[in-house]
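Working notes, structure below.
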Amino acid sequence: MRLTIPVAKVLSALLAEPEAPRYGLDLMRLTGLPSGTLYPVLHRLQAAGWLAADWEDVDPVAAGRPARRYYRLTGEGIRSARLALAELRALVPGERAGSGAGPAGAPAW
Numbered sequence: 001m002r003l004t005i006p007v008a009k010v011l012s013a014l015l016a017e018p019e020a021p022r023y024g025l026d027l028m029r030l031t032g033l034p035s036g037t038l039y040p041v042l043h044r045l046q047a048a049g050w051l052a053a054d055w056e057d058v059d060p061v062a063a064g065r066p067a068r069r070y071y072r073l074t075g076e077g078i079r080s081a082r083l084a085l086a087e088l089r090a091l092v093p094g095e096r097a098g099s100g101a102g103p104a105g106a107p108a109w
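For reference, each letter of the sequence shown is one residue, going 1 to 109 in full-length UniProt numbering.
Structure (structure tokens):
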């Protein structure tokens with residue numbers, strides 16, 4: 001899978017709590033990505049087998065909102081995402097702890 005900055009942002013957000021299901025608006029808030037960027041990334045990750053997606057079992061009338069589609073990394077997705085992000089960090093100069101790239105030296109994604 002080609003690891004673009006939007007893909008890296010989505011993977012990082014999902015890896016923050018790998019077992020937690022996330023829905024689209026939640027991921028947009030975490031990544032800062034607009035829906036037109038986020039959803040194609042989610043579809044690519046799902047097609048690659050890195051992501052599972054399931055619709056929430058809720059009555060939209062009773063909930064007062066549409067049902068949400070929840071996304072979570074698969075076991076393969078967790079392993080592949082960690083490896084891909086580690087390889088990406090290794091390629092970026094100055095991405096060592098304390099480099100000031102982000103909180104605690106974390107990269108911008």
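Backbone N, C-alpha and C fix where the C-beta goes; we use that ideal spot for every residue, glycine too.
Look at the beta carbons and you see the region 54-61 not touching the region 33-45: under three pairs across the two are nearer than 8 Å. A contact is defined here as three or more CB-CB pairs under 8 Å, and the region 24-36 fails this definition with respect to the region 81-94. Of the residues assessed, alanine 81 falls on the buried side of the cut-off, its CB having 16 or more other CB atoms within 10 angstroms. Apart from the 5 residues on each side of it in sequence, alanine 48 sits with its Cβ closer than 7 Å to the Cβ of Met1 in its chain, given in chain order. Counting only the Cα atoms, glutamate 87 lies some 19 Å from glycine 75.
When C-alpha distances from arginine 69 are compared across Ala84, Ala53, Leu83, Gly77, the shortest belongs to Ala53.
By a beta-carbon distance limit of 8 Å, proline 18 contacts leucine 73. Their separation comes to about 5 Å.
Annotation for arginine 44: Met1, Val7 place their beta carbon closer than 8 Å to its own, counting only its chain and skipping 5 residues before and after. Taking all protein chains in view, the Cβ of arginine 79 is surrounded by fewer than 16 other Cβ atoms within 10 Å, so the residue is classified as exposed.
Setting aside the 5 residues that flank it on each side, proline 66 is surrounded in the same chain by Pro60, each with a C-beta closer than 6 Å to its C-beta; the list follows chain order.
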